[in-house]
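Chemist: Heads up: the sequence lines are chains E and D, in that order. Following the numbering used here, the numbering of the first sequence begins with 1 at its first residue and continues without gaps. Following the numbering used here, the numbering of the second sequence begins with 193 at its first residue and continues without gaps. Beta carbons are placed, not taken as given, at the ideal position from N, Cα and C, and that holds for glycine. For reference, the structure I am asking about is given below.
There are 2 protein chains.
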Amino acid sequence: MTDKKQLLIEATIDLFSRDGFWNTTTANIAKHAKVGTGTLFNYFSSKEALTDAVYFELKREMKSYIQKDYTETKDTMLNIEHVWYHYAHWAMEFPVRYDLLDQLWVSNQVSQEVENRLLEELKFMHKLLADAATKGLFGSLPQEYATAIMCSSMQAMIKYAQANNFSGDALEQHIAIGFSVLWNGISSIEGN
Amino acid sequence: MTDKKQLLIEATIDLFSRDGFWNTTTANIAKHAKVGTGTLFNYFSSKEALTDAVYFELKREMKSYIQKDYTETKDTMLNIEHVWYHYAHWAMEFPVRYDLLDQLWVSNQVSQEVENRLLEELKFMHKLLADAATKGLFGSLPQEYATAIMCSSMQAMIKYAQANNFSGDALEQHIAIGFSVLWNGISSIEGN
DNA sequence: AACCACATTGACTGATTAGTCAGTCCATGA
DNA sequence: TCATGGACTGACTAATCAGTCAATGTGGTT
Numbered sequence: 001m002t003d004k005k006q007l008l009i010e011a012t013i014d015l016f017s018r019d020g021f022w023n024t025t026t027a028n029i030a031k032h033a034k035v036g037t038g039t040l041f042n043y044f045s046s047k048e049a050l051t052d053a054v055y056f057e058l059k060r061e062m063k064s065y066i067q068k069d070y071t072e073t074k075d076t077m078l079n080i081e082h083v084w085y086h087y088a089h090w091a092m093e094f095p096v097r098y099d100l101l102d103q104l105w106v107s108n109q110v111s112q113e114v115e116n117r118l119l120e121e122l123k124f125m126h127k128l129l130a131d132a133a134t135k136g137l138f139g140s141l142p143q144e145y146a147t148a149i150m151c152s153s154m155q156a157m158i159k160y161a162q163a164n165n166f167s168g169d170a171l172e173q174h175i176a177i178g179f180s181v182l183w184n185g186i187s188s189i190e191g192n
Numbered sequence: 193m194t195d196k197k198q199l200l201i202e203a204t205i206d207l208f209s210r211d212g213f214w215n216t217t218t219a220n221i222a223k224h225a226k227v228g229t230g231t232l233f234n235y236f237s238s239k240e241a242l243t244d245a246v247y248f249e250l251k252r253e254m255k256s257y258i259q260k261d262y263t264e265t266k267d268t269m270l271n272i273e274h275v276w277y278h279y280a281h282w283a284m285e286f287p288v289r290y291d292l293l294d295q296l297w298v299s300n301q302v303s304q305e306v307e308n309r310l311l312e313e314l315k316f317m318h319k320l321l322a323d324a325a326t327k328g329l330f331g332s333l334p335q336e337y338a339t340a341i342m343c344s345s346m347q348a349m350i351k352y353a354q355a356n357n358f359s360g361d362a363l364e365q366h367i368a369i370g371f372s373v374l375w376n377g378i379s380s381i382e383g384n
């Protein structure tokens, strides 16, 4: 990854997360990266391509952070809890990056092609969910629905933690409680 | 409410939900409402004012739908369940409106002034949550966090129902299961 | 008919934007 | 010292948009 390319991605992260995709001009991104506007288009063919690159970079970083210290155990719940903890910590450590990831995910700025490439990249997380479903940890809930509930619970948990500036023990406890609410909720549903 | 005003709001709902706020031009809205572009600005001082009006209208409709057949009981959980059911049914009956409400809520297109006016309008729902917190139904969870979890669970439940085109008994069951997951999760947390 | 008040219109404007391109700069090597 | 190629630049362009306004249409009153 070129120096300038990384500079442009960092500038984009800053401006997108601060002003949003639609209020950020390519000229401004170049200015913040301290390069000419033309340079941006040497590295990225369009604003969309730049957005894709930013999204990919953020998800890749998030994945690396989660996989750090990750060793799969036989207890699938523990594995999922690991992901829950590390995702939350990543979000609290890099709030700007987390907010932008959330923003790009909710809006539809990211191309299908990048989403597909990320399926490959994040395979271990999908495998985790498939394991849980196979083992009956989701009761009668379809795997996709259980996953959706997990994602939205995570979002709510992190947002509240950010809003209240949790750190240290208070943060740890909040993350743990959030996981309990989720897991107790899901496992309260009986299988067929 | 004038005829043309309502026409413009309906056109805006259609186009915003289909193409998004940023890809919808005022000229296009006017065209879809079959009025001149100038007319739009006779009724709404700006695109932002129009957006505010749309958001207010949608929330007002949603509230009316929920309050239909609503009689407060002493069992706060039942009251909340009523809201859960009716909100879900509103979303399934008016998916375009629900999607747009969600979109406007996530993005920051709506002015603070309208949000404040809506606090008044939706007071009965906030009272419901305050009651639940007072009665200890949220255990040791702060009311704001419990509320956030409810909102995100609702979002996930509705999105899944829409994606799978649930209707009839399947829909009823899905809504009920969604509430169980939420409520069992929340009430699994002990009070202090 | 004549008049008026006001609703409606759409061509127009000024501002803004993604993307271009002719030219500059500079490191390398002969 | 000069030539070469490619990285870099920012003024520029074509397109787009929110919002304006002078002209036109309309319904009511005398």
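At a Cβ threshold of 8 Å, is Ala148/E touching chain D?
Modeler: Taking the first residue of the first sequence as position 1, residue 148/E is located at position 148. So, interface residue.
Chemist: Among the residues of its own chain, which have a CB less than 6 Å from the CB of Ala241/D, if the five just before and after it don't count?
Modeler: Position 49 of the second sequence, counted from the start, is the residue given in the question as residue 241/D. Cβ neighbours of Ala241/D beyond the five flanking positions: none.
Chemist: If you measure from the beta carbon of Asn184/E to each beta carbon in chain D, is any gap under 8 Å?
Modeler: Sequence index remark: in the first sequence, residue 184/E carries index 184 (1-based). Judged by the 8 Å Cβ criterion, Asn184/E is in contact with chain D.
Chemist: Would you kindly check if the distance between the Cβ of Gly185/E and the Cβ of Gly328/D is under 8 Å?
Modeler: Sequence index remark: in the second sequence, residue 328/D carries index 136 (1-based). Sequence index remark: in the first sequence, residue 185/E carries index 185 (1-based). For Gly328/D and Gly185/E, no; Cβs fall outside 8 Å.
Chemist: Do you know how far the Cα of Ala176/E is from the Cα of Asp361/D?
Modeler: Within the second sequence, the letter at position 169 stands for residue 361/D. Within the first sequence, the letter at position 176 stands for residue 176/E. Cα-Cα distance, rounded: 35 Å.
Chemist: What residue from His278/D, Leu200/D, Asp294/D has the CA that sits closest to Met317/D's CA?
Modeler: To locate residue 317/D, count along the second sequence from 1; it is residue 125. Looking at the Cα atoms, His278/D is the closest of the given residues.
Chemist: Which first and last residues belong to the alpha helix (DSSP H) in which Asn116/E is found?
Modeler: Start at 1 with the first residue of the first sequence, and residue 116/E comes out as number 116. Counting along the chain, the alpha helix (DSSP H) containing Asn116/E begins and ends at 112–121.
Chemist: Mark Val246/D as exposed unless 16 or more other C-beta atoms lie within 10 angstroms of its C-beta, in which case mark it buried.
Modeler: Indexing the second sequence from 1 puts residue 246/D at position 54. Buried, by the Cβ-count rule.
Chemist: Compare the Cα-Cα distances from Gln301/D to each of Phe213/D, Lys196/D, Leu200/D and report the closest residue.
Modeler: Counted from its first residue, the second sequence places residue 301/D at position 109. Of the candidates Phe213/D, Lys196/D, Leu200/D, the one whose C-alpha sits nearest the C-alpha of Gln301/D is Phe213/D.
Chemist: For Ala156/E, which residues in chain D fall below 7 Å Cβ to Cβ?
Modeler: The sequence position of residue 156/E within the first sequence is 156, counting from 1. Ordered by position in chain D, the residues that pass the 7 Å Cβ test against Ala156/E are Ala340, Ile341, Ser344.
Chemist: Check the Cβ of Val181/E against every Cβ in chain D and list those closer than 8 Å, keeping chain order.
Modeler: By 1-based counting over the first sequence, the position of residue 181/E is 181. Simply Leu333, Ile341, Gly377, Ile378, Ser380, Ile381.
Chemist: Mark Arg60/E as exposed unless 16 or more other C-beta atoms lie within 10 angstroms of its C-beta, in which case mark it buried.
Modeler: Counting from one through the first sequence, the residue named residue 60/E turns up at place 60. Flag for Arg60/E reads exposed.
Chemist: Let me know the secondary structure DSSP gives Phe371/D once reduced to three states.
Modeler: If you number the second sequence from 1, residue 371/D lands on position 179. Correct three-state label for Phe371/D: helix.
Chemist: Could you list which residues in chain D have their beta carbon closer than 9 Å to that of Lys159/E, in chain order?
Modeler: The count along the first sequence starts at 1 and reaches residue 159/E at position 159. Chain D residues near Lys159/E: Ala340, Ser344.
Chemist: Of all the alpha helix (DSSP H) runs that stay within the bounds of the segment 219–250 of chain D, which reach a length of 4 or more residues?
Modeler: With a minimum length of 4 residues, the continuous alpha helix (DSSP H) runs that stay inside the segment 219–250 of chain D are 229–235.
Chemist: Note down, in chain order, every chain D residue with its Cβ under 7 Å from the Cβ of Tyr145/E.
Modeler: Indexing the first sequence from 1 puts residue 145/E at position 145. Ordered by position in chain D, the residues that pass the 7 Å Cβ test against Tyr145/E are Tyr352.
Chemist: Under 8 Å, do Lys196/D and Thr229/D count as touching if we go by C-beta distance?
Modeler: Within the second sequence, residue 196/D is the residue found at index 4, counting from 1. Within the second sequence, residue 229/D is the residue found at index 37, counting from 1. It is not a contact, given that the beta carbons lie outside the stated cut-off.
Chemist: Closest to Ala340/D by C-alpha separation, out of Leu311/D, Leu374/D, Leu310/D, would be which residue?
Modeler: Locating residue 340/D in the second sequence gives position 148, where the first residue counts as 1. Ranking Leu311/D, Leu374/D, Leu310/D by Cα distance to Ala340/D puts Leu374/D first.
Chemist: Beta carbons nearer than 8 Å to chain D: which residues of the segment 3–28 of chain E have them?
Modeler: Of all residues in the segment 3–28 of chain E, Gly20, Trp22 have a Cβ within less than 8 Å of some Cβ in chain D.
Chemist: Could you tell me the alpha carbon to alpha carbon distance between Ala33/E and Phe44/E, rounded to whole angstroms?
Modeler: What you label residue 33/E is simply residue 33 of the first sequence in a count that begins at 1. What you label residue 44/E is simply residue 44 of the first sequence in a count that begins at 1. When rounded, the distance between both Cα atoms is 14 Å.
Chemist: Quick one: grab the DSSP three-state call for Pro287/D.
Modeler: Residue mapping note: residue 287/D aligns to position 95 of the second sequence, counting from 1. Pro287/D falls in the helix class under three-state DSSP.
Chemist: Counting only C-beta atoms, is Asn384/D closer than 8 Å to chain E at any point?
Modeler: Your numbering for residue 384/D matches position 192 in the second sequence. Caution applies to Asn384/D, whose pLDDT of 49 falls short of 50 and renders its modelled position unreliable; the model cannot decide the point.
Chemist: If you run the structure through DSSP and keep just helix, strand and coil, what is Asp102/E?
Modeler: Here residue 102/E refers to the residue found at position 102 when the first sequence is read from its first residue. Helix.
Chemist: Less than 8 Å between CB atoms is the rule here; does Val298/D satisfy it with respect to chain E?
Modeler: Here the question's residue 298/D lines up with position 106 in the second sequence. It does; some Cβ of chain E falls within 8 Å.
Chemist: In this structure, how does DSSP classify Ser256/D when only helix, strand and coil are distinguished?
Modeler: Against the second sequence, residue 256/D aligns to sequence position 64. Helix, per DSSP.
Chemist: Could you tell me whether the segment 114–124 of chain E touches the segment 159–168 of chain E, where touching means 3 or more Cβ pairs closer than 8 Å?
Modeler: No, they do not touch.
Chemist: If you draw a straight line from the alpha carbon of Lys218/D to that of Lys255/D, how long is it in whole angstroms?
Modeler: Here residue 218/D is taken as the residue at index 26 of the second sequence, counted from 1. Here residue 255/D is taken as the residue at index 63 of the second sequence, counted from 1. For the sequence presented, residue 218/D should be read as Thr rather than Lys. Roughly 28 Å separates the two Cα atoms.
Chemist: Since Leu199/D is in the alpha helix (DSSP H), which residue starts that stretch and which ends it?
Modeler: Against the second sequence, residue 199/D aligns to sequence position 7. Unbroken alpha helix (DSSP H) run through Leu199/D: 195–211.
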